[in-house]
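Reviewing the structure listed below.
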Amino acid sequence: MTASASLELKDLTAGHGHTPAVRGLDLHVAEGEIVALLGPNGAGKTTTLDTVCGLLPPLAGQVNVFGRPVRDLRHAAQQRMAYVPEHRGLFRTLTVDENLRLRTRSRTKAHTVYERFENLAALRDRQAGLLSGGEQQLLALLCALSLDARLLLIDEMTMGLAPLVARGLVDIVKEVAAEGVAVLFVEQHLHIALELCDRAHVLSHGECVREGSGPELRFRIDELASLYFAGDPALGR
């Protein structure tokens, strides 16, 4: 395993059933590092996250978290891995407080979250389904972090959110990484993704076709955007 890597994928092939959506993916995320998975819809990004967290078994290759293979969802949780899915994974008819306490099983931990995020504390008795999109995403992120995760997976964190709201979530993820949490995230917005990440992998048709550091890819963002949306032969349409 790569030295100090919190997550390492080795020649990963993954998909639903026996149909691969990801093929031969090599990737690692170090402690405190933020890595992005980019690419058009259907590229295999969410399948990768689902496989890392144990929702899908690998068809081939390895998923190692803190040096140990991930076998299933329970094992992933034991490794202090947390996943914020695209649909946010909230119980919409339960209140903010009930959603938090279901994850933490601790009043003290929930209280700590409220102290740090006072705007959420003001909504603690509101049903999650009645929150705005940004408030729901904040709650989903904090539910994951309240598990004391050492590896955080996030799928489409800023989808449908106003730029100011998205900025606030980006700042939270940066703070979390600064505390040593490893982050692997999927993001459609290139500017946001490349500002947030230390490194990025661009997927197309299940294969990694570009990779580089955030600064390197930001320097080439116009080229990357053209490839991303216009359909470079290497990226597909």
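To convert, note that position 134 of the sequence shown is 139 in the numbering used here; the numbers rise steadily by one, no gaps. Cβ coordinates follow ideal geometry from the N, Cα and C atoms, glycine included. These numbers were taken from a predicted model, which means no experiment stands behind them.
| Query | Result |
| --- | --- |
| Where the alpha helix (DSSP H) containing Glu200 begins and where it ends | 195–201 |
| Val75, enclosing alpha helix (DSSP H) - first and last residue | It is not in any alpha helix (DSSP H) - Val75 carries neither H nor E in the DSSP assignment. |
| Three-way DSSP call (helix, strand, coil) for Ala205 in this model | strand |
| Proximal residues to Leu99 (C-beta, below 8 Å), its chain only, five neighbours per side dropped | Leu107, Gln132, Ala133 |
| Status (buried if at least 16 other CB within 10 Å, exposed otherwise) for His92 | exposed |
| First and last residue of the uninterrupted beta strand (DSSP E) at Phe224 | Unbroken run through Phe224 is the alpha helix (DSSP H), 219–224; no beta strand (DSSP E). |
| Assigned secondary structure, Val191 (DSSP; H/G/I helix, E/B strand, else coil) | strand |
| Reduced DSSP category for Val186 - H, G, I as helix; E, B as strand; rest coil | coil |
| Alpha carbon of Asp219 to alpha carbon of Leu135, nearest angstrom | Going by the sequence as given, residue 219 is Gly instead of Asp. Approximately 36 Å, taken between the alpha carbons. |
| Proximal residues to Gly4 (C-beta, below 7 Å), its chain only, five neighbours per side dropped | Any answer about residue 4 is impossible in this case: the structure gives the chain only from 6 up to 242. |
| Cβ-based burial, Lys50 [other Cβ within 10 Å; buried from 16] | buried |
| Burial state of Pro238, where buried means 16 or more other Cβ atoms lie within 10 Å | Because the pLDDT of Pro238 is 40, which lies under 50, any placement of that residue in the model is unreliable, and the number read from its coordinates should be weighed accordingly. Looking at its Cβ environment, which holds fewer than 16 other Cβ atoms inside 10 Å, Pro238 is exposed. |
| Element boundaries [beta strand (DSSP E), containing Glu13] | 10–19 |
| Validate contact between the stretch 209–217 and the stretch 182–191 using beta carbons, cut 8 Å, 3 pairs | no |
| Spatial distance of Val68 from Glu212 (CA atoms) | 16 Å |
| Extent of the continuous beta strand (DSSP E) to which Leu99 belongs | First-last for Leu99: undefined, no H or E at that position. |
| Supposed contact pair Val57 and Leu158 - C-beta distance, whole angstroms, cut 8 Å | 6 Å |
| Glu216 CB to nearest heavy atom of the ligand SAH below 7 Å | Absence of the ligand SAH from the depicted structure is noted, as is the absence of any ligand whatsoever, leaving it without description. |
| Distance, Arg155 Cα to Val181 Cα | 10 Å |
| Contacts around Leu128, its chain only, beta-carbon distance under 6 Å, and the 5 residues preceding and following it disregarded | Val101 |
| Residue from Gly138, Leu30, Ser151 with nearest C-alpha to Pro168 | Gly138 |
| Length of the line joining the Cα atoms of Asp176 and Arg97 | 25 Å |
| Nonlocal neighbours in the same chain, by C-beta distance under 7 Å from Gln193, ignoring five residues either side | Glu161, Met164 |
| Rounded C-alpha distance that separates Asn124 from Glu103 | 16 Å |
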